[in-house]
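Under this note's numbering, think of the first position of the sequence shown as 14, with each following residue one higher. Heads up: the structure comes next, in structure tokens.
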Amino acid sequence: MSTPTVLFLCQHNAGRSQLGAALLEILAPGDYIVTSAGTSPADAVNPAIAATVAELGPDISNRTPRAVTNEDLATADIVVAMKPGLVLPAMPAGRFIEWSFPDPTDWSPENVRPLREAIIEQIHETFLTR
Numbered sequence: 014m015s016t017p018t019v020l021f022l023c024q025h026n027a028g029r030s031q032l033g034a035a036l037l038e039i040l041a042p043g044d045y046i047v048t049s050a051g052t053s054p055a056d057a058v059n060p061a062i063a064a065t066v067a068e069l070g071p072d073i074s075n076r077t078p079r080a081v082t083n084e085d086l087a088t089a090d091i092v093v094a095m096k097p098g099l100v101l102p103a104m105p106a107g108r109f110i111e112w113s114f115p116d117p118t119d120w121s122p123e124n125v126r127p128l129r130e131a132i133i134e135q136i137h138e139t140f141l142t143r
């Protein structure tokens, strides 16, 4: 059986989707091929997001936000929209999940930590309980 691909999506691919992808990589290393993208990508990863991920280990500050493609949506086994109602360029071919998390664009690391913990809980419920 091949390793399933999980695509995390948000609007800017700078906050929520980067956080979700990094946390799944941390919590289930090697269990999934993890990617992230956005519908309108920013120029860089949100520094507060990168700082709160770095508290758990990896440095994601050098990752580059990117736009979601039709190929992403066609090849991902699971697509996780971190914001309901995202307008996608195509329908996902795999399982589609919508989570509802607030946009942390202007948040401090202190404000991002509860978001990080909520996403960890959601990852446990969705991907780690079998």
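Backbone N, C-alpha and C fix where the C-beta goes; we use that ideal spot for every residue, glycine too.
Option in the options with minimal Cα separation from residue i
i: N124; options: A61, L22, S30; result: A61
i: L20; options: L101, W120, A55; result: L101
i: T139; options: D116, P54, W120, V92; result: V92
i: L36; options: W120, V81, P71, P78; result: P71
i: T48; options: L22, H137, A55; result: L22
i: N9; options: T118, L141, R29, A50; result: As displayed, the chain neither begins before 14 nor continues past 143, which places residue 9 out of reach and without an answer.
Within 9 angstroms, strictly: CB atoms of residue i and residue j
i: Q31; j: N75; result: no
i: A57; j: A89; result: no
i: G43; j: M95; result: no
i: P78; j: P115; result: no
Own chain residues within Cβ distance below 7 angstroms of residue i, not counting five before or after
i: T65; result: P122, V125, R126, R129
i: Q135; result: W112
First and last residue of the uninterrupted beta strand (DSSP E) at residue i
i: I133; result: From DSSP, I133 is part of no beta strand (DSSP E) but of the alpha helix (DSSP H) over 122-136.
i: A50; result: 46-51
i: T18; result: 18-23
Neighbourhood of residue i by C-beta distance below 6 angstroms, restricted to the same chain and skipping five residues each side
i: F109; result: V92
i: A87; result: A106
Anticipated Cβ contact below 8 angstroms, residue i with residue j, distance rounded
i: I46; j: T16; result: 5 angstroms
i: I73; j: A63; result: 5 angstroms
Residues near residue i in its chain [Cβ-Cβ closer than 8 angstroms; skip 5 each side]
i: T118; result: H25, A27, G28, N59
i: H137; result: L40
i: I133; result: L36, L40
Where the alpha helix (DSSP H) containing residue i begins and where it ends
i: E84; result: 83-88
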